[in-house]
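Mapping the sequence shown onto numbering that gives the first Met the number 0, position 36 (from 1) lands on 35, and the numbers just tick up by one.
Backbone N, C-alpha and C define an ideal beta-carbon position, used for all residues, glycine too.
Predicted, not measured: the structure shown is a model, and the values here were computed from it.
Below: the structure, in structure tokens.
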Amino acid sequence: MFVQRQGLVVWLYSLKQAKMLRRFGNVHYVSKKLKYVVLYCNQDEVEGIMEKLNSFSFVKKVEPSYKPFLRMEYENSAPDKAKEYDYKMGI
């Protein structure tokens, strides 16, 4: 039902071609100061898109996001006793 998505960070030499990157996926953010674009695309197409983007002359480098591969369930998440005491006191 839902397609797995993954982010790509595309570092550019110039922002003139940032608008052209929309054909590879959804442009989420463009940093004018640091000259990078955050682009979201389907997870199964990431390798091919990275190769295409690296072949362009205006691209410095392309980095994939590792968020889909991180575990989001945390173990041993017991509350801190000092914070629990503060909450009871109303601080």
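Considered as a whole, the region 0-35 harbours no complete run of any alpha helix (DSSP H) with no fewer than 4 residues.
Considering only Ser-30, Phe-1, Tyr-35, Leu-7, the residue with the shortest C-alpha distance to Gly-47 is Leu-7. Secondary structure of Glu-50 (DSSP, three-state): helix. Straight-line spacing of the CA atoms in Val-9 and Lys-32 works out to 14 Å.
For the pair Tyr-35 and Asn-25, the CB atoms are not nearer than the 8 Å cut-off.
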